[in-house]
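In terms of this note's numbering, the sequence shown is numbered consecutively and its last residue is 741.
Backbone N, C-alpha and C fix where the C-beta goes; we use that ideal spot for every residue, glycine too.
All figures in this text were calculated on a predicted structure; none of them were measured in a lab.
The structure under discussion appears below in the form of structure tokens.
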Amino acid sequence: MKLAFDIIARMNAALRHVVGAMLGIMVVTVAAQICVRFVLPKFGIIVAAPWTEELARYLMVWCIFLGAAVAARSGALIAMDSVADALPLALGDAIRTAGLLLTIAFFALLLWLGSRWVQFGTMETSTVMALPMAWVYAAMPVGSLVAIINILALLVERHFQRRSERRAAQAAAEEAAASIV
Numbered sequence: 561m562k563l564a565f566d567i568i569a570r571m572n573a574a575l576r577h578v579v580g581a582m583l584g585i586m587v588v589t590v591a592a593q594i595c596v597r598f599v600l601p602k603f604g605i606i607v608a609a610p611w612t613e614e615l616a617r618y619l620m621v622w623c624i625f626l627g628a629a630v631a632a633r634s635g636a637l638i639a640m641d642s643v644a645d646a647l648p649l650a651l652g653d654a655i656r657t658a659g660l661l662l663t664i665a666f667f668a669l670l671l672w673l674g675s676r677w678v679q680f681g682t683m684e685t686s687t688v689m690a691l692p693m694a695w696v697y698a699a700m701p702v703g704s705l706v707a708i709i710n711i712l713a714l715l716v717e718r719h720f721q722r723r724s725e726r727r728a729a730q731a732a733a734e735e736a737a738a739s740i741v
């Protein structure tokens with residue numbers, strides 16, 4: 561179990577770096593586009609760089625799916641916790657677990673739909689850069705699969721954490737009962 565969690569942690573660390581690099585490339589390409597559109601024409605230089613818009617858009621798609629997948633590991637996806645927090649602890653945990661299971665179902669649907677999009681994307685290319693669109697559409701199933709793995713790891717981790725908390729509470733109660741006698 562520890563090995564699986566270690567592999568998942570390394571995968572997420574690598575993905576964080578990949579997403580960071582993609583964000584950096586997006587910043588550079590958008591800055592280049594701004595220069596090409598607004599700065600260079602003031603100096604009489606007219607240049608077109610339509611590839612920057614396309615690259616930034618496709619990188620953003622990948623960043624969204626991979627970033628959401630990594631955020632899923634720590635339970636950082638958007639959620640409403642106020643209802644679960646207001647309920648008794650066991651019921652609140654059950655609602656959170658149900659929410660995570662629904663999220664897994666949603667990502668499973670995205671995995672299935674994304675796989676179909678990838679198949680469709682093999683027959684088309686992007687307008688400017690002539691990239692196979694399958695590479696762009698692959699963000700959906702890849703990100704969804706990583707998100708499912710991360711949410712399952714989160715569920716397993718919470719289960720064992722609750723079990724160890726129950727054991728600690730039971731041991732403390734037994735110790736308190738033994739000290740009374």
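Query	Result
Thinking just about the alpha-carbon of each residue, which of C595, W611, T612 is nearest to the one in G604?	C595
P610 by DSSP, collapsed to three states: which one?	helix
Per DSSP, which residues does T685 bridge with? Please list them.	P692
Where does G627 fall in DSSP's three states?	helix
In or out: W672 buried (at least 16 other Cβ within 10 Å) or exposed?	exposed
Hey, how far is the Cα of M742 from the Cα of L670?	The structure shown has nothing for residue 742, since the chain only spans 561 to 741.
Give me the Cα-Cα distance between T612 and V590, rounded to the nearest whole angstrom.	7 Å
Report all residues from its chain with a CB closer than 6 Å to the CB of A699; omit the five preceding and five following residues, and keep chain order.	V621, W622, F625
Assuming A639 and G659 are in contact, meaning their beta carbons sit under 8 Å apart, how far apart are those beta carbons, in whole angstroms?	6 Å
With DSSP run on the structure shown, which of helix, strand or coil describes G659?	helix
Quick check on the DSSP output: the alpha helix (DSSP H) that includes A639 runs from which residue to which?	Counting along the chain, A639 falls outside any alpha helix (DSSP H), and DSSP gives it neither H nor E.
Less than 7 Å between the C-beta atoms of V706 and A636, yes or no?	no
Closest to F509 by CA distance: which of A694, P601, A650 is it?	Given a span of 561 to 741 for the chain in the structure shown, any question on residue 509 remains unanswerable.
So is V696 buried or exposed if we call it buried at 16+ other beta carbons inside 10 Å?	buried
Could you spell out the range, first to last residue, of the alpha helix (DSSP H) harbouring A563?	Correcting the residue type first, residue 563 is Leu in the shown sequence and not Ala. Here the alpha helix (DSSP H) through L563 covers 562-594.
Helix, strand or coil: how does DSSP classify P701 here?	helix
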